[in-house]
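Working notes for the structure below.
Residue numbers (the working numbering), protein chains in the order written: chain A, 24 to 109; chain B, 50 to 257.
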């Protein structure tokens with residue numbers, strides 16, 4: 024089957040996740056071979072995902088981990104006190 | 050070789066048996082995930098950090114109720130989501146529609162932006178701070194139901210099944226929302242990419 028661009032866009036996310044069936048994958052790939060527009064859309068979407076997964080894009084607040092474990096340690100201490108009171 | 054899950058199951062059993070200090074070790078690999086889950090809901094650093102701490106404490110207190118039929122990471126994410134939603138509700142009051150009620154059926158344009166003079170972001174462009182900033186802003190501006198699915202799938206790299214479980218929606222909805230989120234981001238970021246990457250005519254290369 025010959026796909027049009029719109030059809031390819033509808034499946035772009037599943038194509039990236041590799042959850043399209045073999046036949047559709049083949050059709051999409053055939054389309055991509057000659058369609059610069061869809062190839063560019065696919066690459067740009069993929070690159071956005073690469074950037075998203077990069078730890079430097081979404082950073083944690085400085086000292087987050089230390090504060091988290093401090094609070095947890097305090098919680099453990101407090102629950103200890105509670106249980107020894109009884 | 051021990052798998053992560055077997056290792057975790059061992060840690061959990063030991064924490065429950067009294068070696069509670071090991072809980073620190075148990076949650077360490079998920080600190081980032083817990084924070085980002087909270088942040089994707091409350092969109093505020095202070096609230097997200099406070100919520101993340103609360104999530105971890107809550108998980109510690111209720112560890113005995115972890116059944117092991119879901120992965121520990123999914124269980125923890127579910128607690129984080131509930132914590133985030135609680136905070137969001139409190140912050141926005143009753144007037145605000147709850148996240149669960151937001152349907153994804155509202156009309157929207159989920160067509161990607163075409164670009165003909167650009168094929169891939171050169172590595173230098175991916176290194177640019179402005180692009181990261183643009184992506185952070187674009188993600189923050191996604192409607193909540195899309196942002197949460199995007200955060201769990203593409204930021205925290207949960208599977209479709211795990212995401213569905215954590216958000217209590219069906220896998221089909223995860224796929225639809227993820228697709229739309231990605232397309233919306235692509236559309237938002239194309240202008241940044243276009244201006245940073247020169248046209249390279251006759252140069253054809255796609256990631257395999």
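Here a beta-carbon is modelled for each residue, glycine too, at the ideal position from N, C-alpha and C.
Whose Cβ in chain B lies nearer than 7 Å to the Cβ of residue i?
i, result
"residue 79 of chain A", "181"
"residue 38 of chain A", "By Cβ distance, chain B contributes nothing, its closest Cβ being about 10 Å from residue 38 of chain A, past 7 Å."
"residue 89 of chain A", "The premise fails here: residue 89 of chain A is roughly 11 Å from chain B at the closest Cβ pair, so nothing lies under 7 Å."
"residue 83 of chain A", "81, 84"
"residue 98 of chain A", "106, 109"
Does the separation of the CB atoms of residue i and residue j fall below 8 Å?
i, j, result
"residue 132 of chain B", "residue 160 of chain B", "no"
"residue 195 of chain B", "residue 229 of chain B", "yes"
"residue 54 of chain A", "residue 72 of chain A", "no"
"residue 238 of chain B", "residue 183 of chain B", "yes"
"residue 94 of chain A", "residue 106 of chain B", "yes"
"residue 197 of chain B", "residue 90 of chain B", "yes"
"residue 81 of chain A", "residue 185 of chain B", "yes"
"residue 136 of chain B", "residue 83 of chain A", "no"
For residue i, would you say it is in contact with chain A, using Cβ-to-Cβ distances shorter than 8 Å as the test?
i, result
"residue 160 of chain B", "yes"
"residue 143 of chain B", "Residue confidence is low: residue 143 of chain B scores 49 on pLDDT, short of 50, so the model does not pin down where it sits. Its coordinate-derived value is still stated next. No, residue 143 of chain B lies away from the interface with chain A (no Cβ there is under 8 Å from its Cβ)."
"residue 111 of chain B", "no"
"residue 87 of chain B", "no"
"residue 235 of chain B", "yes"
"residue 150 of chain B", "Any reading at residue 150 of chain B must be qualified, since the residue scores a pLDDT of 46, below 50, and its modelled position is unreliable; the value itself is stated next. Chain A, which has no Cβ nearer than 8 Å to the Cβ of residue 150 of chain B, makes this no."
"residue 224 of chain B", "yes"
"residue 98 of chain B", "yes"
Strictly below 8 Å CB to CB, what residues from chain B border residue i?
i, result
"residue 72 of chain A", "203, 231"
"residue 92 of chain A", "73"
Assuming residue i and residue j are in contact, meaning their beta carbons sit under 8 Å apart, how far apart are those beta carbons, in whole angstroms?
i, j, result
"residue 242 of chain B", "residue 67 of chain A", "6 Å"
"residue 199 of chain B", "residue 227 of chain B", "6 Å"
"residue 207 of chain B", "residue 95 of chain B", "Going by Cβ atoms, the distance from residue 207 of chain B to residue 95 of chain B rounds to 25 Å, so no, they are not a contact pair."
"residue 84 of chain B", "residue 97 of chain B", "6 Å"
"residue 61 of chain B", "residue 112 of chain B", "6 Å"
"residue 51 of chain A", "residue 34 of chain A", "6 Å"
"residue 92 of chain A", "residue 73 of chain B", "6 Å"
Run through chain A and tell me which residues come within less than 7 Å of residue i, C-beta to C-beta.
i, result
"residue 210 of chain B", "By Cβ distance, chain A contributes nothing, its closest Cβ being about 12 Å from residue 210 of chain B, past 7 Å."
"residue 195 of chain B", "None at all; the shortest Cβ gap to chain A is about 12 Å."
"residue 227 of chain B", "36"
"residue 68 of chain B", "Within chain A, no residue comes near residue 68 of chain B; the closest Cβ sits about 11 Å away, beyond 7 Å."
"residue 242 of chain B", "67"
"residue 239 of chain B", "67"
Kindly list, in the order they appear in chain A, the residues whose Cβ is closer than 9 Å to that of residue i.
i, result
"residue 184 of chain B", "71, 74, 75, 80, 81"
"residue 163 of chain B", "28, 60, 61, 63, 64"
"residue 206 of chain B", "76"
Can you name the residues of chain B whose CB is closer than 9 Å to the CB of residue i?
i, result
"residue 51 of chain A", "Within chain B, no residue comes near residue 51 of chain A; the closest Cβ sits about 12 Å away, beyond 9 Å."
"residue 48 of chain A", "The contacting residues do not exist; residue 48 of chain A stays about 13 Å from chain B at best."
"residue 95 of chain A", "72, 73, 76, 102, 105, 106, 109"
Strictly below 8 Å CB to CB, what residues from chain A border residue i?
i, result
"residue 216 of chain B", "Neighbours of residue 216 of chain B on chain A: none; closest Cβ ~17 Å, over 8 Å."
"residue 94 of chain B", "84"
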